[in-house]
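K.L.:
Let me begin by handing over the structure; questions about it come next.
And the structure:
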């Protein structure tokens, strides 16, 4: 008699990810960045109180603007009374990088409604943009459609947004306990996060040339020109270099 062929149960196919699993995936992806966000937010809140902002005004600053670099710039330029046009101009220049970042992300947002796209762009920060774009490219390479996972992006953005507002408010509340918060080295968290983001998006020296131009111009301006003009010079030179170099490709 022919021995009976053993019946091997087929492994169940993996279930498609749900909205909640994608949200949790985005939150987990953002957790390493929060290590740097916490000291940075504490420093921002502590500095805000030294400029005369109240504990109520600090979460308004961080929640409505939600752009750490321009928030630090606004505080650096804050006087009594404040020079609003100067602060608005510097903020516009620093945040102008989001024009290029949004353009890079736009092709992946075409399946979203206008309301969903606008909400996504409002929550866009350097870390959220880097995670969202990298994940969309990986999914596109794997043939997953749509490539951009809105729940993943919102999960990463939500945990960053809430953490930033809450931690900055705690910094405002505990500012007097820190003394000179900058002497603790908390301000180094911002360039550390930026370096990690650059490393995750690295595509070779050719693509990094605008960043190098911006760095050299900003550093030179900081050394030789008083005030916060290095922010303007760095942002403007970086955008101009990106435009000129892209035209030559």
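In my numbering, the protein residues as written are 11 to 259.
Each residue gets a CB set at the ideal place from its N, CA and C atoms; glycine is no exception.
1) Which word fits residue 11, buried or exposed, when buried means at least 16 other C-beta atoms lie within 10 angstroms of its C-beta?
2) Considering Cα atoms alone, identify which of 217, 242 and 218 is closest to residue 227.
3) Could you check the C-alpha separation between residue 39 and residue 168 for me, to the nearest Å?
4) For residue 84, which residues from the same chain have a beta carbon less than 7 Å from its beta carbon, with the 5 sequence-adjacent residues on both sides left out?
5) Taking only three categories from DSSP, how would you classify residue 110?
6) Thinking just about the alpha-carbon of each residue, which of 145, 177, 154 and 246 is nearest to the one in residue 45?
7) Decide if residue 64 is buried, meaning its Cβ has at least 16 other Cβ atoms within 10 Å, or exposed.
8) For the stretch 138 to 154 and the stretch 56 to 73, state whether three or more C-beta atom pairs, one from each stretch, are separated by less than 8 Å.
9) Candidates 181, 111 and 215: which alpha carbon is nearest residue 135's?
10) When you compare each of 164, 95 and 51 to residue 30 by their alpha carbons, which one comes out closest?
11) Rounded to the nearest angstrom, what separates residue 256 and residue 220 at their Cα positions?
12) According to DSSP, is residue 95 part of a helix, a strand, or is it coil?
13) Among the residues of its own chain, which have a CB less than 8 Å from the CB of residue 174, if the five just before and after it don't count?
14) Closer than 7 Å to a non-hydrogen atom of the ligand ZN - does that hold for the CB of residue 158?
15) Given residue 69, which residues of its chain have a CB within under 6 Å of its CB, disregarding the five upstream and five downstream residues?
P.N.:
The answer reads as follows:
1) Bear in mind that a pLDDT of 47 at residue 11, under 50, signals an unreliable position, so the model cannot answer this.
2) Out of 217, 242 and 218, 242 has the C-alpha closest to the C-alpha of residue 227.
3) Answer to the nearest angstrom: the Cα atoms are 12 Å apart.
4) Cβ within range, chain order: 97 and 101.
5) Per DSSP, reduced to three states, the secondary structure at residue 110 is helical.
6) Per the C-alpha coordinates, the member of 145, 177, 154 and 246 positioned closest to residue 45 is 177.
7) Exposed.
8) Three or more Cβ pairs closer than 8 Å define a contact, and the stretch 138 to 154 falls short of that threshold against the stretch 56 to 73.
9) For the options 181, 111 and 215, the alpha carbon positioned closest to that of residue 135 is the one of 111.
10) Of 164, 95 and 51, the smallest CA-CA separation from residue 30 is found for 164.
11) Answer to the nearest angstrom: the Cα atoms are 10 Å apart.
12) In this structure, residue 95 counts as helix in the three-state DSSP scheme.
13) Hits under 8 Å: 47, 51, 72, 76 and 78.
14) What this structure holds is no ligand at all, so the ligand ZN is not there to describe.
15) Counting only Cβ-Cβ distances below 6 Å, and skipping sequence neighbours, we find 175 and 179.
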